[in-house]
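**Q** For reference, the structure I am asking about is given below.
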Amino acid sequence: GDSVTQMEGPVTLSEEAFLTINCTYTATGYPSLFWYVQYPGEGLQLLLKATKADDKGSNKGFEATYRKETTSFHLEKGSVQVSDSAVYFCALRDGGGSNYKLTFGKGTLLTVNP
Amino acid sequence: DTGVSQNPRHKITKRGQNVTFRCDPISEHNRLYWYRQTLGQGPEFLTYFQNEAQLEKSRLLSDRFSAERPKGSFSTLEIQRTEQGDSAMYLCASSLGGLQVGGELFFGEGSRLTVL
C-alpha cells in the first residue's frame, strides 16, 4: 500500500538557518504530493503541493520538488523564522485517482530558536 | 470564524462509555472527512462523506464506530463501548471538490479523546 516516510524529529534550528525535512514515498502510479503544517493549537493547513513529476510547490518561502526518480518530496526553506515552529506532515494522494484519501507521514516537529 | 469547527475539543471518558464528536464543516463544502491521529503518528483516514452519503470507510473503523452526516451539513462520529486504544485525536476536514480535482482539505482543530 501507499506510505510516506519522513525524517525523524524533532528538528531544532536557530533563526535564519537553512531547513530541510526529508520525505520519501511509496505509491502506485503517479501520486500527488503535499506538505501540511500544524502550528501550536491550530488545525492542519496545506502548505504546498505538487501534482506531477518535476513540479515545484512553494509557499511562504518553503519549497519542495516532486522527484519521481528518487520518490522524494523534500521540504526546504532558506532562512527559517521563529514563527515557522510547527509540526510538518508530508502526505500523498494515490495515483489511482482517489478523490477522498490522503496518506500522511508521522510528522516532523520543528523548533526555531531566536 | 468560518473554518471547520469540532466539539468537544477534549473528552475524557471511562472505558465502556459511549462518546460522540461533532464536526461543522465550512458551509459550502460538500465533502467531509474524518481522520484519527495517535501520538507520534500522522493522521489516518477513517471515513468520507459526499453530501449526506458515506462513500468510503477505512478498515480502521470498527463496528463500534459510526459516522453520520444526516443533512449533508454537520457530521457526528460516535464511538460505542470505548476502549483505551481509542484514545486519539479525531480530526475532521472538509473540501469543496474532491481531491482528484485539486480540492483542498481544510482541517478542524480536532477532538482529543482520552479513555481511562
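Top to bottom, those sequences are chains A and B.
Here this note's numbering is used: position 50 in the first sequence is 50, and no number is missing along the way.
Count along the second sequence from 1, add 1000, and you get the number used in this note's numbering.
Note that CB positions come from ideal geometry on N, CA and C, so glycine has one too.
Under 7 angstroms Cβ-Cβ, which residues of chain A neighbour B/Gln1041?
**A** By Cβ distance, chain A contributes Lys106.
**Q** Mark A/Lys68 as exposed unless 16 or more other C-beta atoms lie within 10 angstroms of its C-beta, in which case mark it buried.
**A** exposed
**Q** From the DSSP output, which residues share a beta bridge with B/Asn1051?
**A** Answer is none; B/Asn1051 lacks a bridge partner.
**Q** Report the three-state DSSP secondary structure of A/Gly2 (helix, strand or coil).
**A** With the sequence shown as reference, residue 2 of chain A is identified as Asp, and Gly is not the correct amino acid for it. Looking at A/Asp2 - three-state DSSP - the assignment turns out to be coil, as it is neither helix nor strand.
**Q** For A/Gly105, which of A/Leu13, A/Asn59, A/His74, A/Glu63 has the nearest alpha-carbon?
**A** A/His74
**Q** Rounded to whole angstroms, what's the CA-CA distance from A/Leu46 to A/Cys90? Just pull it up for me.
**A** 10 angstroms
**Q** If you count every other CB in all the chains shown that lies within 10 Å of the CB of B/Gln1037, and 16 or more means buried, which is it?
**A** buried
**Q** Which residues mark the beginning and the end of the beta strand (DSSP E) in which B/Thr1076 is found?
**A** Unbroken beta strand (DSSP E) run through B/Thr1076: 1075-1079.
**Q** Suppose only complete runs of 3+ residues qualify. What are the beta strand (DSSP E) ranges in the segment 67-98 of chain A, listed by chain order?
**A** 75-77, 86-93
**Q** If you draw a straight line from the C-alpha of B/Phe1021 to the C-alpha of B/Gly1110, how long is it?
**A** Looking at the two C-alpha atoms, the distance is approximately 10 angstroms.
**Q** For B/Gly1097, which three-state DSSP category applies?
**A** coil
**Q** Is it right to say A/Ala53 is buried, meaning 16 or more other beta carbons lie within 10 angstroms of its own, or is it exposed?
**A** Exposed, by the Cβ-count rule.
**Q** Closer than 8 angstroms, Cβ to Cβ, to anything on chain A: give me those residues from the segment 1007-1033 of chain B, in chain order.
**A** Arg1031, Tyr1033
**Q** What three-state label does DSSP hand B/Gly1042 in the structure shown?
**A** coil
**Q** Rounding to the nearest angstrom, what Cα-Cα distance links B/Arg1069 and A/Thr111 in this structure?
**A** If you take the alpha carbons of B/Arg1069 and A/Thr111, they lie about 38 angstroms apart.
**Q** What are the start and end residues of the beta strand (DSSP E) that includes B/Val1004?
**A** For B/Val1004, no beta strand (DSSP E) run applies, since DSSP gives it neither H nor E.
**Q** Output, in chain order, the set of chain A residues within a Cβ distance shorter than 8 angstroms of B/Tyr1048.
**A** Tyr100, Lys101
**Q** Per DSSP, what kind of secondary structure is A/Gly57 in: helix, strand or coil?
**A** strand
**Q** What distance in whole Å lies between the Cβ atoms of B/Thr1082 and B/Gln1017, which are believed to be in contact at a cut-off of 8 angstroms?
**A** That pair is a contact at about 6 angstroms.
**Q** Does B/Asp1086 come out as helix, strand or coil in the three-state DSSP assignment?
**A** helix
**Q** Which residue from A/Gly9, A/Gly41, A/Ala17 puts its Cα closest to that of A/Gln81?
**A** A/Ala17
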